[in-house]
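Novice: Numbering (the working numbering), first residue to last: 150 to 403. Here a beta-carbon is modelled for each residue, glycine too, at the ideal position from N, C-alpha and C.
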Ligand code: 13P
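#1: What first and last residue would you give for the beta strand (DSSP E) that runs through residue 215?
#2: Express the C-alpha separation of residue 167 and residue 397 in angstroms, rounding to a whole number.
#3: In the DSSP assignment, find the alpha helix (DSSP H) that holds residue 307 and state where it starts and stops.
#4: Whole angstroms are fine: how far does the CA of residue 345 sit from the CA of residue 311?
#5: Return yes when the C-beta of residue 242 is under 7 Å from any heavy atom of the ligand 13P, and no when it is not.
#6: With H, G and I counted as helix, E and B as strand and the rest as coil, what does DSSP make of residue 400?
#7: Cα separation between residue 386 and residue 265?
#8: Taking buried to mean at least 16 other C-beta atoms within 10 Å of its own C-beta, is residue 362 buried or exposed?
#9: Please classify residue 353: does DSSP put it in a helix, a strand, or coil?
#10: Is residue 157 close to the ligand 13P? I mean its beta-carbon at under 7 Å from any heavy atom of the ligand.
#11: Let me check understanding here. Comparing Cα to Cα, which of 307, 196 and 336 lies closest to residue 292?
#12: Counting Cβ pairs closer than 8 Å, one from the stretch 246 to 253 and one from the stretch 191 to 199, do we hit at least three?
#13: Using DSSP with H/G/I as helix, E/B as strand and the rest coil, what is residue 386?
#14: I'd like to confirm something about residue 247: is its beta-carbon nearer than 7 Å to some heavy atom of the ligand NAD, or not?
#15: Considering only their Cβ atoms, is the gap separating residue 213 from residue 240 smaller than 8 Å?
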């Protein structure tokens with residue numbers, strides 16, 4: 150499976166800084182690396198149009214994701230950005246259900262399911278995040294919690310649409326903490342989710358990508374990314390530093 154490295158820029162960079170970061174990233178990447186590794190960046194909404202214009206004009210193969218999408222289609226929902234609006238900007242991916250949205254903005258599994266539907270209905274690939282908190286890990290109920298998150302996220306979706314999703318395991322205790330999950334932790338969770346998905350008779354889990362996020366850095370990337378079951382990484386802090394992000398990309402053995 151082709152690996153994918155996604156940089157989640159979170160609430161950082163105004164659009165001029167975002168343009169600079171994209172340009173620096175593009176110059177720092179090996180030519181045509183995207184033929185072997187998918188590279189996606191997720192800037193703030195305010196930068197999407199500028200970055201997309203550069204990507205189109207310069208024929209770059211870096212793809213752009215939004216960090217969220219509305220659960221609504223259109224109408225009186227002040228402040229929301231719809232999947233249709235994003236797809237008209239040629240945005241190819243949307244991060245959905247990030248733990249920061251779940252915990253800070255109280256997003257429920259049901260809201261996340263609506264967002265996933267809206268994304269796929271507009272040909273946007275959802276990057277569906279799931280993962281347990283430190284307390285849940287300590288009570289050993291984390292696997293059932295995670296499987297429930299995933300099951301609700303994909304509820305009501307057609308087989309071919311589920312197979313397009315990128316599932317991102319992001320344990321909350323590993324996000325921005327420097328505490329990375331061990332490869333064994335990540336494999337245990339991803340294998341369980343794969344198994345769960347394959348019990349739905351019609352999903353072919355071999356087609357679906359499962360990635361890891363949480364304190365991914367140049368130091369730990371090689372071990373995580375060269376594991377067969379982990380198809381890529383969702384990188385936060387280190388994606389804002391081009392040198393680190395490129396080192397993470399380079400640690401994928403082709
Ligand atoms: P960090 O890489 O900063 O831990 O963030 C991970 C993350 O939340 C990516 O979505």
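Specialist: So, from the listed chains and residues:
#1: 212 to 215
#2: 19 Å
#3: Where residue 307 is concerned, there is no enclosing alpha helix (DSSP H), given that its DSSP letter is neither H nor E.
#4: 13 Å
#5: no
#6: coil
#7: 25 Å
#8: buried
#9: coil
#10: yes
#11: 336
#12: no
#13: helix
#14: By its list of ligands, the structure shown excludes the ligand NAD, since it contains just the ligand 13P.
#15: yes
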